[in-house]
Amino acid sequence: MIQPEMINPAMRSKLLRPASSFEEAEALSRQLSLLNRAQLARLIALATPETEASLRAAAGWLREHYYGRKVYLRGLIEFSNVCRKDCFYCGIRRSNRNVRRYRLTEAQILACCRQGYELGYRTFVLQSGEDPAFTPLRLAWLVAEIRRRYPDVALTLSVGELAAADYRLLRQAGADRYLLRHETADAAHFASLHPAGQTLQQRQTCLRELGAAGFQVGAGFMVGTPGQTADCLAQDLLFLKELQPQMIGIGPFIPQQDTPLGQDQPGHLRQTLLLLSLLRLLFPKALLPATTAVGTLHPLGRELALGAGANVLMPNLSPQEYRIDYALYDNKICTGDEAAECRVCLQKRVESAGYTIDTGRGDPVDWEETGS
Ligand code: 5AD
Ligand code: FES
3 MIQPEMINPA MRSKLLRPAS SFEEAEALSR QLSLLNRAQL ARLIALATPE TEASLRAAAG
63 WLREHYYGRK VYLRGLIEFS NVCRKDCFYC GIRRSNRNVR RYRLTEAQIL ACCRQGYELG
123 YRTFVLQSGE DPAFTPLRLA WLVAEIRRRY PDVALTLSVG ELAAADYRLL RQAGADRYLL
183 RHETADAAHF ASLHPAGQTL QQRQTCLREL GAAGFQVGAG FMVGTPGQTA DCLAQDLLFL
243 KELQPQMIGI GPFIPQQDTP LGQDQPGHLR QTLLLLSLLR LLFPKALLPA TTAVGTLHPL
303 GRELALGAGA NVLMPNLSPQ EYRIDYALYD NKICTGDEAA ECRVCLQKRV ESAGYTIDTG
363 RGDPVDWEET GS
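Using this note's numbering, the first residue of the sequence shown is number 3, and each one after it goes up by one.
The structure is reproduced here in C-alpha cells:
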C-alpha cells in the first residue's frame with residue numbers, strides 16, 4: 003500500500019483522510035503542484051482506493067468552489083472522418099480501408115448548428131480528421147458564417163495540426179477555442195503510437211502557437227495506451243503545467259479492431275478517474291470534459307468522471323446516419339441516438355448525479371476576452 007510519506011512527507015496527513023473544506027483541498031492542491039516527476043509517477047503508480055478517495059474529495063471541493071454544481075454542454079459536430087494522419091490507435095486513420103468516409107457539406111454543418119442552437123447549446127465544437135478538402139480558408143468562411151448567425155455562441159475547432167498563420171486566420175474569423183490533444187508528453191511513447199513524421203515536438207509547437215493566436219486551448223491525453231507507464235503520465239501533468247491550457251480532455255484508450263493496436267487492452271476506469279482528480283487539483287479552474295470514451299468504458303463512466311472533477315459534457319450533434327462512421331474506437335456510445343435524444347439523456351444523467359446543466363458559453367472562470 004502506498005505510504006503518503008513515500009511521495010512527500012508534507013502530504014501525509016492530507017492523503018490519509020479526505021479534505022473537509024475548500025481550504026484543506028487548496029492546501030493539498032498546493033502540495034501536489036510542488037511534486038516532481040518521480041513523485042507524481044509514484045503517486046499515480048501506487049494510489050490505493052483510499053488515496054483516490056482523498057484526491058477525489060479534494061477535487062470536488064475545488065470544482066464546487068470555482069464552478070459550483072454546473073456542467074457545461076458542448077455540441078459536437080463531427081463533420082468529416084477523412085484524415086491524412088495515421089495514428090496507430092485511431093479508427094479513422096488514413097490506412098484503415100474499412101471506414102466509410104464522409105464529409106458534411108457547409109449546409110449540413112449549418113443545419114447541425116441550427117438544431118444545436120434550438121436545443122440550447124451555446125458552444126459548438128467542429129471536429130474532423132485532418133481533411134485536406136477543408137482548407138483553412140474554407141474553414142474560416144464556415145467559422146465566420148456560424149459567428150454571423152449565432153453571435154452568442156462560443157466556437158471551438160478541433161481539426162488538427164495547421165500552420166501558425168492558419169491558426170491566426172481561424173481565430174480572426176471568429177473561432178474562440180481549439181482542441182488538440184498532445185496524446186502523450188513522453189517522446190518515446192509518442193513515437194510508439196504514431197508513424198515516423200508525426201512528432202511530439204510538432205504537436206507541442208502547435209499547442210503553443212494556438213495559445214499565441216489567442217485561442218482558449220485544450221490539450222489532453224489518453225490513459226492506458228499500450229506501453230504507457232506512470233512516468234509517462236507524470237510527464238503529461240508536467241507538460242500541462244508548463245502549457246497552462248484552459249481545457250484538458252482525457253479519456254481511456256479503447257482499442258479499435260481495424261488498427262494496429264486493435265488487440266491491445268483498454269485503459270482502466272480507476273486510473274482515468276484518478277487522473278481527472280489530479281488534473282482538477284493541479285488546474286483548479288480548468289474545463290475538464292467527462293468524455294465519451296469514459297462513458298464507453300463504463301455505463302456510468304461520465305457520471306463518475308463528474309464526481310472525480312470533470313465539469314463539461316460533449317454530446318453529439320452530428321447527423322445520426324454518419325455517427326457510426328466516426329468510430330475512433332469500438333463500441334462508441336450514442337452512435338444510434340438523435341441529437342435531441344442525447345440532450346434529454348444527458349439532462350437526466352447530470353441531474354441524477356446531483357449536478358445541473360448550464361447552457362451558457364461556459365468560459366473558464368477567469369477568462370477575459372483579449373480580442374487578440
Ligand atoms: N481510444 C480512445 N481515444 C482515442 N482517440 C483516438 N483514438 C482513440 C482510441 N482508440 C482520441 C485521441 C484524439 C481524440 C480526438 O480521440 O486522443 O485526440
Ligand atoms: Fe447520447 Fe446519452 S448522451 S444518448
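For each residue, glycine too, the CB sits at the ideal point set by N, CA and C.
Nothing here was measured: the structure is a model prediction, and the numbers come from that model.
- request: Taking only heavy atoms of ligand 1 into account, decide whether any of them is closer than 6 Å to the Cβ of arginine 95.
  value: On the sequence shown, position 93 is the one that residue 95 refers to. Every heavy atom of ligand 1 is 6 Å or more from the Cβ of arginine 95, so no.
message: Run the Cβ filter for me: residues under 6 Å from any heavy atom of ligand 1, listed in the order they occur in the chain.
response: Tyr91, Cys92, Arg183, Glu185, Met224, Gly253, Phe255, Ile256, Gln258, Ala295, Leu330 and Tyr331
Whether lysine 287 touches proline 366 by CB criterion (7 Å): Looking up residue 287 in the sequence shown gives position 285. Looking up residue 366 in the sequence shown gives position 364. Contact flag set, yes.
Sheet register partners of methionine 13 (DSSP bridge): Taking the sequence shown and counting its residues from 1, the one referred to as residue 13 is at position 11. Bridge partners of methionine 13: none, in fact.
The beta strand (DSSP E) enclosing glycine 253, as first and last residue numbers: Looking up residue 253 in the sequence shown gives position 251. Residues 249-254.
- prompt: How many Å lie between glutamine 273 and histidine 191 at the Cα?
  reply: Translated into positions along the sequence shown, residue 273 becomes position 271. Translated into positions along the sequence shown, residue 191 becomes position 189. Glutamine 273 and histidine 191: Cα-Cα distance of roughly 18 Å.
task: Could you spell out where the alpha helix (DSSP H) holding glutamate 370 opens and where it closes?
output: As a first step, residue 370 must be located in the sequence shown, where it is residue number 368. It is not in any alpha helix (DSSP H) - glutamate 370 carries neither H nor E in the DSSP assignment.
message: Bridge partners for threonine 358 per DSSP, in chain order?
response: One-based indexing of the sequence shown puts residue 358 at position 356. DSSP output for threonine 358 lists Lys72 as bridge partner(s).
field: Presumed contact (8 Å Cβ cut-off) between alanine 341 and asparagine 318, rounded CB distance
entry: For this step, residue 341 is matched to residue 339 along the sequence shown. For this step, residue 318 is matched to residue 316 along the sequence shown. Their Cβ separation, rounded to whole angstroms, is 7 Å, which keeps alanine 341 and asparagine 318 in contact under 8 Å.
task: Just mark serine 56 as buried or exposed, buried being the case when its beta carbon has 16 or more other beta carbons within 10 Å.
output: For this step, residue 56 is matched to residue 54 along the sequence shown. It counts as buried.
message: Per the DSSP calculation, glutamine 265 is bridged to which residue(s)?
response: Here residue 265 refers to the residue found at position 263 of the sequence shown. DSSP, once it has assigned bridges, lists no residue as partnering glutamine 265.
task: Determine the direct distance from the alpha carbon of leucine 271 to that of glycine 303, and round the result to whole angstroms.
output: The residue given as residue 303 occupies position 301 in the sequence shown. The residue given as residue 271 occupies position 269 in the sequence shown. Going from the Cα of glycine 303 to the Cα of leucine 271 covers about 8 Å.
- prompt: Is DSSP giving glutamate 54 helix, strand or coil here?
  reply: Sequence index remark: in the sequence shown, residue 54 carries index 52 (1-based). Three-state DSSP puts glutamate 54 in a helix.
message: Between leucine 290 and leucine 278, how many whole angstroms is the CB-CB distance? I'm expecting something under 8 Å.
response: Position 288 of the sequence shown holds residue 290. Position 276 of the sequence shown holds residue 278. Confirmed, about 6 Å.
message: For tyrosine 119, which residues in the same chain have their Cβ closer than 8 Å to its Cβ, ignoring the five residues on either side in sequence?
response: Position 117 of the sequence shown, counting from 1, holds the residue named residue 119. Cβ within range, chain order: Tyr152 and Val155.
field: Nearest-angstrom beta carbon gap, valine 127 and aspartate 360 [assumed within contact, 8 Å]
entry: Position 358 of the sequence shown holds residue 360. Position 125 of the sequence shown holds residue 127. That belief does not hold up - the Cβ atoms of aspartate 360 and valine 127 are roughly 16 Å apart, past 8 Å.
- request: Give me the Cα-Cα distance between arginine 149 and glutamine 174, rounded to the nearest whole angstrom.
  value: For the purposes of this step, residue 149 is identified with residue 147 of the sequence shown, where counting begins at 1. For the purposes of this step, residue 174 is identified with residue 172 of the sequence shown, where counting begins at 1. Each residue's Cα considered, the two are about 11 Å apart.
- prompt: Name the DSSP beta bridge partners of glutamine 33, please?
  reply: Mapped onto the sequence shown, residue 33 falls at position 31. Partner(s): none; glutamine 33 has no beta bridge.
message: How far does the alpha helix (DSSP H) with serine 279 in it extend, from its first residue to its last?
response: As a working note, residue 279 is residue 277 in the sequence shown. Looking at the DSSP string, the run of the alpha helix (DSSP H) that includes serine 279 is 271-284.
task: Quick one: using the 10 Å Cβ neighbour count with 16 as the cut-off for buried, is lysine 350 buried or exposed?
output: Stepping through the sequence shown from its first residue, residue 350 is reached at position 348. Exposed: under 16 other Cβ atoms inside 10 Å.
message: Once the 5 residues before and after alanine 29 are set aside, which same chain residues still bring their CB inside 7 Å of it?
response: Counted from its first residue, the sequence shown places residue 29 at position 27. If we look at alanine 29 and ignore the five residues flanking it on each side, its Cβ neighbours are Lys16.
- prompt: Cβ of threonine 337 within 7 Å of Cβ of arginine 345?
  reply: Within the sequence shown, numbered from 1, the residue matching residue 337 stands at position 335. Within the sequence shown, numbered from 1, the residue matching residue 345 stands at position 343. No. Outside cutoff.
- prompt: CB-CB under 7 Å to threonine 261, same chain, minus the five flanking residues each way: which ones, in chain order?
  reply: Here residue 261 refers to the residue found at position 259 when the sequence shown is read from its first residue. Same-chain partners within the cutoff: Phe90, Tyr91, Cys92, Gly93, Arg95 and Asn98.
- request: Starting from the Cα of leucine 348, find the closest Cα among Tyr123, Gly162, Leu106 and Gly70 and give me that residue.
  value: For the purposes of this step, residue 348 is taken as the residue at position 346 of the sequence shown. Checking every option, the nearest Cα to that of leucine 348 belongs to Tyr123.
query: The beta strand (DSSP E) spanning glutamine 230 covers which residue range?
result: Taking the first residue of the sequence shown as 1, we reach residue 230 at position 228. Where glutamine 230 is concerned, there is no enclosing beta strand (DSSP E), given that its DSSP letter is neither H nor E.
query: Cα separation between glutamate 163 and aspartate 238?
result: Residue numbering aside, residue 163 sits at position 161 when the sequence shown is read from its first letter. Residue numbering aside, residue 238 sits at position 236 when the sequence shown is read from its first letter. Their Cα atoms are separated by approximately 19 Å.
Beta-carbon gap between glutamine 129 and glutamate 80 smaller than 7 Å: Locating residue 129 in the sequence shown gives position 127, counting from the first residue. Locating residue 80 in the sequence shown gives position 78, counting from the first residue. Yes. Within cutoff.
message: Tell me whether the stretch 218-235 and the stretch 179-198 touch, counting them as touching only if at least three CB pairs, one residue from each stretch, are closer than 8 Å.
response: yes
- request: Return the residue from the list Leu157, Val84 and Phe241 that minimises the CA-CA distance to phenylalanine 217.
  value: If you number the sequence shown from 1, residue 217 lands on position 215. Selected option, being the one with the closest Cα: Leu157.
field: Which listed residue (Thr293, Ala59, Leu144 and Gly131) has its alpha carbon closest to that of cysteine 115
entry: For the purposes of this step, residue 115 is taken as the residue at position 113 of the sequence shown. Per the Cα distances, Leu144.
query: For alanine 329, which option in Leu308, Gly364 and Pro257 has the closest C-alpha, if you only look at C-alpha atoms?
result: As a working mapping, residue 329 is identified with position 327 in the sequence shown. It is Pro257 whose Cα lies nearest to the Cα of alanine 329.
query: Can you list, in chain order, the residues of its chain whose CB lies under 6 Å from that of leucine 171, leaving out five sequence neighbours each side?
result: The count along the sequence shown starts at 1 and reaches residue 171 at position 169. Cβ neighbours of leucine 171 beyond the five flanking positions: Pro138 and Ala142.
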